[in-house]
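As numbered in the numbering used here, residues 9 to 271 make up the sequence shown, in order.
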Amino acid sequence: MSQSASRPLLIDCARMQLRVIGALIIREMHTRFGRHRLGYLWLFFEPLLLGTMIAVIHQVRGTDGIRSNFEFFAIGYILFFNFRGIVNRASGTIGANRGLLYHRQVTLPDLFYARHLIESIACTGVMVVFVFAAVAMGGEFPDSPVKMLASMGLMFLLAQGLALMIGAATSEWDGLERFVHAMSYLMLPFSGLFFMVDWLPEWMQEIVLWVPTVHIFELLRDGQFGDTYRPVYDLSYVAGWILVPHLLGLAGLRLVRNRLGLE
């Protein structure tokens, strides 16, 4: 029998890695929230509470009705919360799970994928809750739910690529995670959460469009409001921001794995 015939099929390898990621998700949930099922509710309650408070603040201050305030800020904040949660948790991923790397089936990217899926599934669920809440309170049904889900997927991929890079970098340089946490808050005003590009002066539009999250927020608002606002976004630009950090992050994690000396 040839050597190539004895190798496992690609589909078998994929199934094994999916089982590994599933097991890591269960372990991460138990680690973060304990084994009591009520503890899992905090995964959804935290973004739900913060998104509601942001929306209420702007709803009280605003005068244009619920469609331009509650829907705009509540759902928008959930998208940013997903980004911030993935990026901020990246620095502690390797250290908290280093013992698992003695299992050859567990890879460094698997550790990140499990954490990222937990954050994104929770935020997507909260986004759905906010959509139905807005409709129940007098709002309109989103123009394109597919575009809204696409914006969530793109934000997940963008944050994941950056998280892979951050995870690799923070394993080599102590203290870098403090800078990452600070930057995640400093970028909040420029992320696209609080504005539409069309509202800004032309010179400012050219500046904010360099920020990839702005394009994703524009896609979200396009799915929410349709022709109500004029969205401005370039998904090919976002794709570049997704691809390059993923390649750099995966390469960095490979170097980190070799330095850990576990294989």
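Where is the CB? At the ideal position from N, CA and C, for every residue including glycine.
Buried or exposed: where does Thr-39 fall if 16 or more other Cβ atoms within 10 Å of its Cβ makes it buried?
To locate residue 39, count along the sequence shown from 1; it is residue 31. Result: exposed.
Through-space distance from Gly-260 to Pro-253, alpha-carbon basis:
Here the question's residue 253 lines up with position 245 in the sequence shown. Here the question's residue 260 lines up with position 252 in the sequence shown. Spanning the two alpha carbons is a distance of roughly 10 Å.
Buried or exposed by the 16-neighbour rule on C-beta atoms within 10 Å, applied to Gln-113:
Residue mapping note: residue 113 aligns to position 105 of the sequence shown, counting from 1. Per the 10 Å Cβ criterion, exposed.
Tell me which same chain residues have a C-beta within less than 7 Å of the C-beta of Tyr-237, skipping the five on either side of it?
For the purposes of this step, residue 237 is taken as the residue at position 229 of the sequence shown. Closer than 7 Å at Cβ, skipping near neighbours: Met-204, Asp-206 and Arg-229.
What is the DSSP secondary structure of Ile-19, counted as helix, strand or coil?
Within the sequence shown, residue 19 is the residue found at index 11, counting from 1. Note: Ile-19 maps to helix in three-state DSSP.
Considering only their Cβ atoms, is the gap separating Val-219 from Ser-199 smaller than 8 Å?
Here the question's residue 199 lines up with position 191 in the sequence shown. Here the question's residue 219 lines up with position 211 in the sequence shown. For Ser-199 and Val-219, yes; Cβs fall inside 8 Å.
From Ile-19 to Leu-26, what does the alpha carbon distance come to, in whole angstroms?
For the purposes of this step, residue 19 is taken as residue 11 along the sequence shown, with counting starting at 1. For the purposes of this step, residue 26 is taken as residue 18 along the sequence shown, with counting starting at 1. Cα-Cα distance, rounded: 11 Å.
To the nearest angstrom, report how far apart Arg-262 and Ala-167 are at their CA atoms.
The residue labelled residue 262 in the question sits at position 254 within the sequence shown. The residue labelled residue 167 in the question sits at position 159 within the sequence shown. For Arg-262 and Ala-167, the distance between alpha carbons rounds to 19 Å.
Quick one: using the 10 Å Cβ neighbour count with 16 as the cut-off for buried, is Trp-249 buried or exposed?
For the purposes of this step, residue 249 is taken as the residue at position 241 of the sequence shown. When all chains shown are included, Trp-249 counts as buried.
Hey, Ala-190 and Leu-184: beta-carbon distance below 8 Å or not?
Within the sequence shown, the letter at position 182 stands for residue 190. Within the sequence shown, the letter at position 176 stands for residue 184. No, Cβ-Cβ distance for Ala-190 and Leu-184 is not below 8 Å.
Can you list, in chain order, the residues of its chain whose CB lies under 6 Å from that of Tyr-85, leaving out five sequence neighbours each side?
Mapped onto the sequence shown, residue 85 falls at position 77. Closer than 6 Å at the Cβ level, and outside the excluded window around Tyr-85, lie Gly-59 and Ile-62.
Got a sec? Which residues, its chain only, sit under 6 Å from Tyr-241 by beta carbon, not counting five neighbours each side?
Residue mapping note: residue 241 aligns to position 233 of the sequence shown, counting from 1. For Tyr-241, where only same-chain residues beyond five positions count, the Cβ hits under 6 Å are His-223, Glu-226 and Leu-227.
Using a Cβ-Cβ cut-off of 8 Å (strictly less than) and excluding sequence neighbours within five positions of Val-143, which residues of its own chain qualify?
Taking the first residue of the sequence shown as 1, we reach residue 143 at position 135. Only Phe-149 meet the Cβ criterion.
Where does the unbroken alpha helix (DSSP H) through Asp-230 begin, and where does it stop?
Translated into positions along the sequence shown, residue 230 becomes position 222. Its alpha helix (DSSP H) spans residues 220-233.
Between the stretch 80-96 and the stretch 152-165, can you find at least three pairs of beta-carbon atoms closer than 8 Å?
yes
Where does the unbroken alpha helix (DSSP H) through Gly-161 begin, and where does it stop?
The count along the sequence shown starts at 1 and reaches residue 161 at position 153. Per DSSP, Gly-161 belongs to the alpha helix (DSSP H) from 153-178.
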